[in-house]
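To start, the structure under review is shown below, and the notes come after it.
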Amino acid sequence: MNQMTLLRDPKRRKLLLSAGLSWMFDAMDVGMISFVVAALAKEWELGPEKIGLLTSINSLGMAAGAAAAGILADRFGRKSVLLWTLLIFSLASGLSAFAAGFAILCVLRFIAGFGLGGELPVASTLVSESMPAAERGRAVVLLESFWAVGWIAAALIAYFVIPDYGWRVAFAIGAVPALYALYLRRAIEDSPRFAEMKKKAPVPLGKRIATVWSPEYRRSTIMLWILWFTVVFSYYGMFLWLPTVMVLKGFSLVKSFEYVLIMTLAQLPGYFTAAYFIEKFGRKFVLVIYLLLTAGSAAWFGNATTEGMLMAAGICLSFFNLGAWGGMYAYTPELYPTAIRSTGAGLATSFGRIGGILAPLLVGVLVGKSVGISSIFLLFFVTIVIGALAVLLLGKETKGIELD
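With the working numbering, the residue at position 285 of the sequence shown is 1598, and numbering never jumps.
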């Protein structure tokens, strides 16, 4: 079974493309922040601490949104929650274009983050539940590959729009997904597994949370929470700061955007190789190998001394890190039964978003204290290795397993 075989089924293809476009818009908005803060730092004269605060506020909203949406999706359905999260983040992003000051921008970015964080675990759960076992992992990784498309779109907007038209126009473009939600309302349906579960009495929230931490699922939950925290911590610490780090390394704003765009292009083959290997060798193999190679790339990037080394390390970082993300999204929903799947995935994602809150703040503090980039990326090296070890020692293989 390969990617092309998966895409031949019209219903599955439509679901994957529809959910993928919502995923792309999510990534575009998150990616836009990394470029906007680099421009805001100059226009509003923001120091490293305020840049870290703004990116962390976005992640704080994502943490709240992931938990809330995961819980609500097990009660009201994947489709309806997906649509609401899409509307919330796109409208808040559009309103960010009119922010008159730093405080109001932070409030709007929290609201946008709430929608962004809620959309991702719900969309991956919906796709995972709608695919047969032989195609499930590959389908979710391909869904995640739309993240790279969104980041590429953000990089293109940053490169062509922000220097000439300003960051407000970039945020205004972020309101476009609100129109897409109107199409999505008719284009997708809830998964067959959730539709079947709706015929039964709903499981109370307290019982769902207790089941996630019951002896049967506790080991998987601990592993997922460690995995999500380490991956999100390293990703948002590295990638939201990437344009700013390039400026700190002596490149102009426009040149930094150009280099980050090139690095971002490497995300797509990272996803596609992970999509191939995940059904061939299993979830654990892909996660552990891609995470360890991400860690090595982070150490290399932090110690790069030439322009060529910097680009090569950045390309490897994008390739392996985003491949690992695809594996993580495929793996997470498979570890829980339908009645608690979205709750379990949402809570793991939400805990991971705490890493997304802390990392940008920490990088801002470290940069403000003149800590070297090599030392900062060494921290990410250690964090990613911990995530890989958690999967290796605590994770179980789910390749080919039918969902409950």
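Even glycine gets a Cβ: it sits at the ideal position worked out from N, Cα and C.
The residues Ala1382, Leu1385, Ala1386 and Val1435, in chain order, have a CB closer than 6 Å to that of Val1394 in the same chain once the five nearest residues on each side in sequence are set aside. Unbroken alpha helix (DSSP H) stretches of 4 residues or longer found wholly inside the segment 1362-1428: 1391-1409, given in chain order. Its Cα nearest to that of Ala1672, the residue Tyr1548 stands out among Tyr1548, Leu1408, Ser1331 and Thr1524.
Around the beta-carbon of Met1536, 16 or more other beta-carbon atoms lie within 10 Å, marking it buried. Within a 10 Å sphere around the beta-carbon of Ile1575 sit fewer than 16 other beta-carbons, which makes this residue exposed. Thr1696 and Gly1677 have their C-alpha atoms some 18 Å from each other. In the displayed model, Gly1685 falls within coil according to three-state DSSP, outside both helix and strand. Under the three-pair Cβ rule at 8 Å, the segment 1632-1641 counts as touching the segment 1439-1457. Around the C-beta of Pro1361, 16 or more other C-beta atoms lie within 10 Å, and the residue is accordingly described as buried. With a cutoff of 8 Å on beta-carbon distance, Val1704 and Leu1600 are scored as near each other. Under the three-pair Cβ rule at 8 Å, the segment 1364-1375 counts as touching the segment 1403-1423.
Contact between Val1462 and Met1337 holds, with the beta-carbon distance rounding to 5 Å and staying under 8 Å. For Phe1552, the enclosing alpha helix (DSSP H) starts and ends at Pro1528 to Phe1552.
Residue environment analysis places Thr1619 among the exposed positions, since fewer than 16 neighbouring C-beta atoms fall within 10 angstroms of its C-beta. Within the segment 1596-1675, the complete alpha helix (DSSP H) segments at least 4 residues long are 1596-1615 and 1620-1644, listed from N- to C-terminus.
In its chain, beyond the 5 residues on either side, Ala1637, Ile1697, Gly1700 and Ala1701 have a beta carbon closer than 6 Å to the beta carbon of Leu1604. Closest in alpha carbon position to Glu1592, among Ile1714, Gly1378, Trp1397 and Met1375, is Ile1714. With a cutoff of 8 Å on beta-carbon distance, Trp1541 and Thr1662 are scored as near each other.
The continuous alpha helix (DSSP H) containing Thr1524 extends over residues Leu1518 to Val1525.
Taking a contact as a CB-CB distance under 8 Å, the pair Val1544 and Gly1665 counts as one, their CB atoms being some 7 Å apart. Using a Cβ distance threshold of 8 Å, Asp1322 and Glu1432 do not count as a contacting pair. Counting of Cβ neighbours within 10 angstroms places Pro1517 among the exposed residues, the total staying below 16. The DSSP-derived three-state label of Ser1347 is helix.
In terms of Cβ geometry, Val1573 and Ala1468 form a close pair [threshold 8 Å]. The closest CA to that of Trp1357, considering only Ala1413, Thr1398, Gly1378 and Trp1397, is found on Ala1413. At a Cβ-Cβ threshold of 8 Å, Ile1628 and Ala1588 do not count as neighbours.
Ser1655 is a Cβ neighbour of Arg1391, given a cutoff of 8 Å. Of the residues assessed, Gly1621 falls on the exposed side of the cut-off, its CB having fewer than 16 other CB atoms within 10 angstroms.
Per the coordinates, the alpha-carbon of Gly1450 lies some 8 Å from the alpha-carbon of Lys1712. Assignment of Thr1711 by DSSP, reduced to helix, strand and coil, places it in the coil class. Rounded to whole angstroms, Phe1552 and Glu1442 show a C-alpha spacing of 30 Å. Residues of the same chain with a CB within less than 6 Å of the CB of Gly1374, apart from the 5 flanking positions on each side, are Phe1423, Gly1426 and Phe1427 in chain order. Straight through space, the alpha carbons of Lys1512 and Leu1606 are spaced by roughly 45 Å. Secondary structure of Pro1515 (DSSP, three-state): coil. In the three-state reduction of the DSSP assignment, Gly1431 falls in the helix class.
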